[in-house]
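Taking it in order: structure first as structure tokens, then the write-up.
2 protein chains.
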Amino acid sequence: MGLFIGTHQNKLDAKGRVSVPASFRSVLKKMSNAGEGALVAPLVLRPSHQHPCIEGWTEKGFEALGAPLDNYDQFSTEHDDIAMAIFGDACPMETDKEGRIQLPADLVAYAGLTDSVVFIGTSKTFQIWEPAAGARRLAEAKAAVRAAQMTLRTGARA
Amino acid sequence: MGLFIGTHQNKLDAKGRVSVPASFRSVLKKMSNAGEGALVAPLVLRPSHQHPCIEGWTEKGFEALGAPLDNYDQFSTEHDDIAMAIFGDACPMETDKEGRIQLPADLVAYAGLTDSVVFIGTSKTFQIWEPAAGARRLAEAKAAVRAAQMTLRTGARA
DNA sequence: TGACTAACCATGAATTCCCATGCTATCCCA
DNA sequence: TGGGATAGCATGGGAATTCATGGTTAGTCA
Chain H
297 MGLFIGTHQN KLDAKGRVSV PASFRSVLKK MSNAGEGALV APLVLRPSHQ HPCIEGWTEK
357 GFEALGAPLD NYDQFSTEHD DIAMAIFGDA CPMETDKEGR IQLPADLVAY AGLTDSVVFI
417 GTSKTFQIWE PAAGARRLAE AKAAVRAAQM TLRTGARA
Chain A
297 MGLFIGTHQN KLDAKGRVSV PASFRSVLKK MSNAGEGALV APLVLRPSHQ HPCIEGWTEK
357 GFEALGAPLD NYDQFSTEHD DIAMAIFGDA CPMETDKEGR IQLPADLVAY AGLTDSVVFI
417 GTSKTFQIWE PAAGARRLAE AKAAVRAAQM TLRTGARA
């Protein structure tokens, strides 16, 4: 399965390391330029713009995110704005051999992380939350979807 | 037959494993990307939004469930809500060679499962219930249909 | 030389794989 | 039509991996 699915809770150790869930690692490797056989998995982290959480991207997914830039003149202010918004606060990383990443201190602070974190899959990307906040957000999202009767109609029951 | 039909009761063993009914397995294989000849059957489990039971999806069915995402801008709140609601609490699995799955502890708790479970087919998906609760729900559904005089006539929608 | 970071190694727990068994329904042959 | 053989299915348990996590050493920059 090439998508990030499910929620996984892992511990943040004394050095600020967390294991990336195994299933997420396999997605990251598959969506990397290096290929699936790689020993480590590349990924990109950035603070979410709409929530107090960290957003995780695959290498290829993040590259695609920057693609719209090609529609603008290299020296336009739009190009400048977009480039900065997307790349300015992103930070590329690799897991270590054990499949862990070291979360940057500023992102830890931004998401209010303490000793445990949850990884929540959202299809092409995933999010890293402080467990309680993540649970709240998940419940909120489900409620919103139900309230809006968003088009889950295709073959599904609301 | 490409649909989930009937109710089947199976045991949950000490390790939290249950055999997926053979007829359900064949549906799962048919509706997978791997093809029918596969040794194991892929499926997706998620907590039901309206009942204390576990919902089971085929691989293709679940992909269709996520398809509406493409109608929204990647950074819209709708996309955000839907992605989290659908993917956040789903969990993809495969049967083992014997046709069993290991139910995640949180789903077991959510559905109140103990030592036996019933699989109830509901056409494109199926549900996993604690036997007594499942029986109650089945009776309730039948009563509701009768009370509403829902004619199950072709295409009739109460 | 000292602090800090990154690679390496070690361990327990949980999960997956594999083999074995009883049961039931089906098929085949008399 | 009856009885025995056969194959498929649900179930049980043990062994081998994988995974998450903790600690230790080596390496680097100031």
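Going line by line, the protein sequences match chains H and A. Heads up: the first sequence begins at 297 in this note's numbering, then just goes up one per residue. Heads up: the second sequence begins at 297 in this note's numbering, then just goes up one per residue. We put the CB at the ideal spot given by N, CA and C, even for glycine.
Distance, Cα to Cα, residue i vs residue j?
| i | j | result |
| --- | --- | --- |
| P427/H | A443/A | 44 angstroms |
| K393/A | P343/A | 25 angstroms |
| F383/H | D377/H | 10 angstroms |
| G430/H | F371/H | 39 angstroms |
| G408/H | P388/H | 20 angstroms |
| V336/A | R321/A | 8 angstroms |
| P317/A | V441/H | 32 angstroms |
| E359/A | L365/A | 10 angstroms |
| H304/H | A386/H | 23 angstroms |
| E374/A | Y368/A | 7 angstroms |
| A454/A | G417/A | Confidence at A454/A is low in this model, with a pLDDT of 45, below 50, so the placement of that residue is unreliable and no value is reported for it. |
| A401/A | I397/H | 26 angstroms |
| M297/A | S319/A | 9 angstroms |
| A381/H | L339/A | 38 angstroms |
| G302/H | T410/H | 21 angstroms |
| F422/A | G395/H | 35 angstroms |
| L299/H | L341/H | 17 angstroms |
| A452/H | L403/H | With a pLDDT of only 43 at A452/H, under the threshold of 50, the placement of this residue in the model should not be trusted; the figure read from the coordinates follows. Cα-Cα distance, rounded: 37 angstroms. |
| I350/H | L399/H | 10 angstroms |
| V323/A | K356/A | 11 angstroms |
| Y406/H | L361/A | 32 angstroms |
| V314/H | P348/A | 32 angstroms |
| A379/H | M327/A | 42 angstroms |
| W425/A | E390/A | 19 angstroms |
| A363/A | T354/A | 14 angstroms |
| S412/A | L434/A | 17 angstroms |
Any idea if residue i is buried or exposed, counting beta-carbon neighbours within 10 angstroms, 16 or more meaning buried?
| i | result |
| --- | --- |
| K325/A | buried |
| S419/A | exposed |
| V414/A | buried |
| Q445/A | exposed |
| Q346/A | exposed |
| R432/A | exposed |
| G352/A | buried |
| T450/H | Here the model assigns T450/H a pLDDT of 46, short of 50, so the residue's position is not dependable and the matter cannot be decided. |
| K438/A | exposed |
| E436/A | exposed |
9 angstroms is my cut-off, CB to CB: does residue i come that close to chain A?
| i | result |
| --- | --- |
| A440/H | yes |
| A437/H | yes |
| T450/H | Confidence is the limiting factor: at T450/H the pLDDT is only 46, short of 50, which leaves the residue's position unreliable, though a coordinate-based value still follows. Closer than 9 angstroms to some Cβ of chain A, the Cβ of T450/H qualifies, so yes. |
| K420/H | yes |
| S319/H | yes |
| Q445/H | no |
| T410/H | no |
| I350/H | no |
| F300/H | yes |
| G417/H | yes |
| T354/H | no |
Taking only beta-carbon atoms, is residue i less than 9 angstroms away from chain H?
| i | result |
| --- | --- |
| D377/A | yes |
| G395/A | no |
| C387/A | yes |
| E426/A | no |
| M297/A | no |
| H347/A | no |
| A381/A | yes |
| G331/A | no |
| Q370/A | yes |
| L324/A | no |
| T391/A | no |
| L335/A | no |
| L434/A | no |
| G430/A | no |
Problem set entry | alpha helix (DSSP H) runs wholly inside the region 346–415 of chain A, at least 4 long, in chain order | Runs of the alpha helix (DSSP H) lying entirely within the region 346–415 of chain A, each at least 4 residues long, are 355–362, 373–383 and 401–407 in chain order.
Problem set entry | Contact between the region 330–341 of chain H and the region 298–313 of chain H (3+ Cβ pairs under 8 angstroms) | Counting Cβ pairs under 8 angstroms, fewer than three are found: no touch.
Problem set entry | Runs of alpha helix (DSSP H) wholly within the region 300–334 of chain H (minimum 4 residues, chain order) | If only uninterrupted alpha helix (DSSP H) runs of at least 4 residues are considered, those enclosed by the region 300–334 of chain H are 318–326.
For this session: Could I get the ranges of all uninterrupted beta strand (DSSP E) runs contained in the region 413–445 of chain A, with 3 residues as the minimum, in chain order?
Result: Counting only runs that start and end inside the region 413–445 of chain A, the beta strand (DSSP E) elements of at least 3 residues fall at 421–425.
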